[in-house]
Every structure is written in structure tokens, then in C-alpha cells.
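Engineer: Got a structure for you, written out below as C-alpha cells; questions coming shortly.
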Amino acid sequence: MFLHAFTFLISCVFAFLLVAFIRRFSRRKAAPRYPPGPRPLPVAGNLFDVPRTDLGRGFAELSQTYGDLVYLNVLGQRMLIVGSYDAAEEILDKQSATTSDRPDSVMLRLCGLQWFFPFMPYGQAWRRRRRAFHQSFDAHAIADYHPIQASHVRRLVHNLLASPEKFRQHLQFSLAAMVLQLAYKIELHNVHEEPYTMIERLVNILDDVSIPGKYLVEAFPILQHLPSWLPGTNFKSLAAAVKSETESILTRLHAMSISAVGKHSGPGMDVSIVGRILGDREITGDNTSAELELEGLCKSTAASAYLGEHVPTKTMAQVFIVMMALYPRVQQKAQEELDAVVGPNRLPNFDDIASLPYLNALVNELLRWHSPIPFGIPHRTTSDEEYKGYFIPESTVVFANTWDPKEYPEPDTFIPERFLGGEENDGKPMDPHQYAYGHGRRICPGRFFADETLQLLYASVLHSFDIKPPLDENGRPKQIEYKVSNDTVLSHPVLYDFVITPRSTNAENLIRSMGTGSAA
Numbered sequence: 081m082f083l084h085a086f087t088f089l090i091s092c093v094f095a096f097l098l099v100a101f102i103r104r105f106s107r108r109k110a111a112p113r114y115p116p117g118p119r120p121l122p123v124a125g126n127l128f129d130v131p132r133t134d135l136g137r138g139f140a141e142l143s144q145t146y147g148d149l150v151y152l153n154v155l156g157q158r159m160l161i162v163g164s165y166d167a168a169e170e171i172l173d174k175q176s177a178t179t180s181d182r183p184d185s186v187m188l189r190l191c192g193l194q195w196f197f198p199f200m201p202y203g204q205a206w207r208r209r210r211r212a213f214h215q216s217f218d219a220h221a222i223a224d225y226h227p228i229q230a231s232h233v234r235r236l237v238h239n240l241l242a243s244p245e246k247f248r249q250h251l252q253f254s255l256a257a258m259v260l261q262l263a264y265k266i267e268l269h270n271v272h273e274e275p276y277t278m279i280e281r282l283v284n285i286l287d288d289v290s291i292p293g294k295y296l297v298e299a300f301p302i303l304q305h306l307p308s309w310l311p312g313t314n315f316k317s318l319a320a321a322v323k324s325e326t327e328s329i330l331t332r333l334h335a336m337s338i339s340a341v342g343k344h345s346g347p348g349m350d351v352s353i354v355g356r357i358l359g360d361r362e363i364t365g366d367n368t369s370a371e372l373e374l375e376g377l378c379k380s381t382a383a384s385a386y387l388g389e390h391v392p393t394k395t396m397a398q399v400f401i402v403m404m405a406l407y408p409r410v411q412q413k414a415q416e417e418l419d420a421v422v423g424p425n426r427l428p429n430f431d432d433i434a435s436l437p438y439l440n441a442l443v444n445e446l447l448r449w450h451s452p453i454p455f456g457i458p459h460r461t462t463s464d465e466e467y468k469g470y471f472i473p474e475s476t477v478v479f480a481n482t483w484d485p486k487e488y489p490e491p492d493t494f495i496p497e498r499f500l501g502g503e504e505n506d507g508k509p510m511d512p513h514q515y516a517y518g519h520g521r522r523i524c525p526g527r528f529f530a531d532e533t534l535q536l537l538y539a540s541v542l543h544s545f546d547i548k549p550p551l552d553e554n555g556r557p558k559q560i561e562y563k564v565s566n567d568t569v570l571s572h573p574v575l576y577d578f579v580i581t582p583r584s585t586n587a588e589n590l591i592r593s594m595g596t597g598s599a600a
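Using my numbering, you'd call the opening residue of the sequence shown number 81 and step up by one each time.
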């Protein structure tokens, strides 16, 4: 009997071990298959695998090594680099219901900057602002802005004639004044006016807070819970000061905008973002309790429009100036097309753009060459996802790299002709507009306004001026190269002292006949 009991006990133990082994083996077999990536180090993970400069090209190199998806773990934060358009479309467009959130930023939250539309968490507040943006940038609204765009481009051309050596300031001020009028209906005349200094202060604040790696609390969020008197927590007092200053600026700009919109009541009052929001109470409702929400909507949407439109558009205008000096053959071909279509007796207008195929190819090549945000604003997954058998866990930060050399032959050569199609070009390559302005529900709603502004700006400047490299002390052209600065989320070209001169006496007289510009 004892033998039978012992045999039974041994059988039970064996059965238990067998079940445990099967369960463990099953768990191993069912373990998620993460995308490939470099082997992480203890604690630091893949911290040292993240490129320090030129993130777009650095991410592209990682993608060339590991494939379309590259999985990283940086100090415990899961990250995914999406290295091809097809993968980005599948993950960020088709699965946008769960990939449209933004990663949390401690400093943005402490500074009270989460009202900035591109950085807002995905949710109801973001949806209300998206509706306001779409209302302000639909096809009908875009057409209403043409007079504003044309006026400020003419101002830019006139100021370039008056003081070409100040082209940096002229690009900055003309585009700033354009977008400020679009957002707030506030008209600027010089850089010393209060609205301009306030909105540019917002730009500087956002630039500072969004510098990757500047604030240790972003890597170690637990620091935000430490007492403010401890060493290393000075970010708390900085954030409090920034929050107070930002709220004051937004309130002051809103009051000035309400005054400007009120002066233009009636037809045309809605030719501004604030005017359109005030004219459509359905966005927030039409009752007393909705007034604060309406004010907050106006403040955040108008300021986001300025920050989101002006800074990238200015960057692309700078890229244009640099590339025209570097590629005189491209500049000449665009000018010849403008001469044939527009003629010498007027500046280009929006009706001309469709008849300028080489200019449009130039627009595409400039955007391909230099995206203002080379790896996009990162997304965050809100649930587990899968792509081609790879497991993408919840709360993964997703970067969609826009610099994909596989899509374009000779990616390091500036060739607008690649977008003209034809037999010699083996058809047209992918339009960079498909990825340069973001993906899915997070795609930039102001992209059409930015495109039209740049088309008219490029056409008007090329119609009027020659752009050449800077001169050395002997009056000879300097050898320059294309360089970028990646100090913040945005990527800027390095500028030189370019020589900008009228193409002819007729061009100079035409510009002078348009009237005066504005002090910059």
C-alpha cells in the first residue's frame, strides 16, 4: 500500500512539473516578437545609439542596418523608428485611432504649454482644436487668405530691394506679419510693435523647452516630485515663471485680437482664425458657461497657428535662398519659366502657379531636401499594436523618419527635374508632401496655406532677384556648402551673407512701383 501511495505521489509531482514546463515553454513560445534593433546596455539601454546630430540621416542609417522598424529602449522608454513611408502609413495612418497620442513632456506640462496644438495629448480638447483648424484652413478659407499672402510677399520683395543684406530679418518679419494677421487679424508695421515681440517670445520659450536632453527631469520624471529647495530642481522655478509669462502673453494677444476683429465686424471679419472661431459657436456651444472654453480655444488655436505656420515656413524660405545660391542652373531654369509665363511687367500671382511646372518641381525638391522636422513630432501608442508580425507595445514613442533615401535616386543631389516625370526620369517619385507634414490624424492642418505661401514667395523672389554666394575680400564668390543646425526639434539651414540683386532695371522699377515696404 505504501508503494502505491509513493507511486501516486511521484506521479503527481511529475504531472505538476510537466504542466509547469509546458506553461513556461508556451509562454516562451508566445513571447512577443519585438522589432530588431541594437543590443541595449544595462540601465542606459540604447541611449548611446540615438544620433546626437542630424537625426533624420542618423535614423536612416539605423533603418539601413535593421530594417523598416528599429526598436530602442532609452532609459526605460520604448521607442520605435519607422524608416519607410509604407510602414509609417500602416502604423500611423491606418492605425491612427491608437497611434495619435503624444509622449508626455514633464517640462511642457509644468510650463503650461500643452495648449500648443501639435504637442497636445490626443483627446476631446485636441479634437475641438482640430475642428477649429480645419474650419480655418479648408479650401474656402485658404482662398480668402490670398490677399493677405500676396500683400506680405510684395512687402518682402520691396524690402529685399531696399536692403538685401538684411534678408534674414526680412524673411522673418514678412512671414511673421503674414501669419500674425492670419491668426489674430493684427497688422504689423515694424519689429518693435508689442504683438510681434510677444509672439516671438513664445517662439523662444517653446524652442528652449523642447530642446532634446536639456532638462534632466525629462529623462527622470521623478525629479518633479522633489522639493524645490534641493539642488538640481531649479527647473521648477523656471517652469513656474514661464507658465506665468505665457499666460500673460496669450491673454494680451487675445485682447488685442478681439479689438482688431471688432473693428472689422461684418463682411470679412472672419478672415482670421479668431474671427472664424467667434463666428462659429457650435465649436464650444452658445451659452455663458462656454465663454471660458471659447476664450481658451481662441488663445490656443491662434497661438498654435502662428508657431506651427511661421517657424517651418520661415525655415523653408531660408532653405530656398541657400539652394538657389548653391545651384545657379536651377535658379536660371525657374527664372526662364517665370519670364515665359508671367512676363516682365508684373509679379507672379496665385493664378500663375498651375502654369509653372518647374517651379512646382522645385517646391517638391526643396521639401524633399530639407524637411523642417526631419523625424516628425513623435507619436505615442495607446494600445498594443502589431506590424508584419512585430509587436509594438502600448506607450511606445514612434518616430516617423522623413528622410528615406530609397525613395529617390541620388538622394544627396538637388534635382528638381526628378518631379517632372517623363521617360528620362522613369516616372515621378513620391511627392514629399505625403510625409513631410505628418501622418494620420496628426497631419498638419495648415499645410495647404504653407504650400501656397511658399509657392508665391519662391516665384516672386526668383522673378525679381538673382541670388548668389557671398563674396570674399577680393570680390570673388566664396565656396559654400549646405549645413544644418539641429539644436531643437526643428532643423534649420546655416545661412551665409548671400548677394541678392535685382535681375534688371525693369525688375527694380517694377518693385519700386508697388509702394513702400515695412521696417524690419
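C-beta: ideal position from N, C-alpha, C; glycine also.
Thinking Leu-152 and Val-130 are a contact (beta carbons under 8 Å), I'd like their distance in whole angstroms, please.
Structural biologist: Confirmed, Cβ separation roughly 7 Å.
Engineer: Per DSSP, what kind of secondary structure is Asp-492 in: helix, strand or coil?
Structural biologist: Here Asp-492 sits in coil by DSSP.
Engineer: Check whether the Cβ atoms of Glu-512 and Val-410 lie closer than 7 Å to each other.
Structural biologist: Looking at the sequence provided, one finds Pro at residue 512 rather than Glu. In this structure, Val-410 does not lie closer than 7 Å to Pro-512 by Cβ.
Engineer: How would you label Lys-486, buried or exposed, when you count the other beta carbons within 10 angstroms and need 16 or more for buried?
Structural biologist: Lys-486 is exposed by the Cβ-count criterion.
Engineer: Can you confirm whether Trp-195, when its beta carbon is compared against all beta carbons of chain C, has any partner nearer than 7 Å?
Structural biologist: The displayed structure is made up of one protein chain only, and chain C is not part of it.
Engineer: Where does Arg-108 sit, in a helix, a strand or coil, going by DSSP?
Structural biologist: Model confidence at Arg-108 stands at a pLDDT of 48, short of 50, so the residue's coordinates are unreliable and nothing is read from them.
Engineer: Decide if Ile-401 is buried, meaning its Cβ has at least 16 other Cβ atoms within 10 Å, or exposed.
Structural biologist: Looking at its Cβ environment, which holds 16 or more other Cβ atoms inside 10 Å, Ile-401 is buried.
Engineer: Can you look up Pro-244 in the DSSP assignment and give me helix, strand or coil?
Structural biologist: In this structure, Pro-244 counts as helix in the three-state DSSP scheme.
Engineer: In the structure shown, what three-state DSSP assignment does Thr-585 receive?
Structural biologist: Three-state DSSP puts Thr-585 in a helix.
Engineer: What does the alpha-carbon distance come out to for the pair Val-259 and Gly-526?
Structural biologist: C-alpha separation (whole angstroms): 11 Å.
Engineer: Can you find the residues in the same chain that come closer than 6 Å, C-beta to C-beta, to Lys-323, ignoring five residues on each side of it along the sequence?
Structural biologist: Same-chain partners within the cutoff: Cys-191 and Gly-192.
Engineer: Does the Cβ of Asp-148 have 16 or more other Cβ atoms within 10 Å, making it buried, or fewer, making it exposed?
Structural biologist: Classification for Asp-148: buried.
Engineer: Which one of Ala-219, Met-594 and Gln-535 has the shortest CA to CA distance from Ala-397?
Structural biologist: Nearest C-alpha to Ala-397: Gln-535.
Engineer: List the whole-angstrom C-beta distance separating Arg-498 from Pro-509, where the pair is believed to meet the contact cut-off of C-beta under 8 Å.
Structural biologist: Rounded, the Cβ-Cβ distance is 6 Å, consistent with contact.
Engineer: List the whole-angstrom C-beta distance separating Ala-516 from Ser-475, where the pair is believed to meet the contact cut-off of C-beta under 8 Å.
Structural biologist: With 8 Å as the limit, Ala-516 and Ser-475 do not qualify as a contact, their Cβ atoms being about 27 Å apart.
Engineer: Can you look up Pro-557 in the DSSP assignment and give me helix, strand or coil?
Structural biologist: Here Pro-557 sits in strand by DSSP.
Engineer: Which one or two residues does DSSP pair with Gln-157 in a beta bridge?
Structural biologist: According to DSSP, Gln-157 bridges with Val-154.
Engineer: Grab the span of the alpha helix (DSSP H) containing Asp-531 for me, first residue to last.
Structural biologist: Residues 527 to 544.
Engineer: Ordered along the chain, which non-local residues of its own chain (more than five positions away) have a Cβ less than 6 Å from that of His-390?
Structural biologist: Only Leu-255, Ala-256 and Val-259 meet the Cβ criterion.
Engineer: What does Pro-116 pair with, by DSSP beta-bridge criteria?
Structural biologist: None, per the DSSP bridge assignment.
Engineer: For Asn-586 and Pro-408, I'd like the C-alpha separation in whole angstroms.
Structural biologist: If I take the Cα positions, the gap works out to 21 Å.
Engineer: Within a Cβ cutoff of 8 Å, which residues of the same chain sit near Tyr-576, ignoring the five residues on either side of it in sequence?
Structural biologist: Here the set comprises Val-402, Ala-405, Pro-549, Pro-550, Lys-558 and Ile-560.
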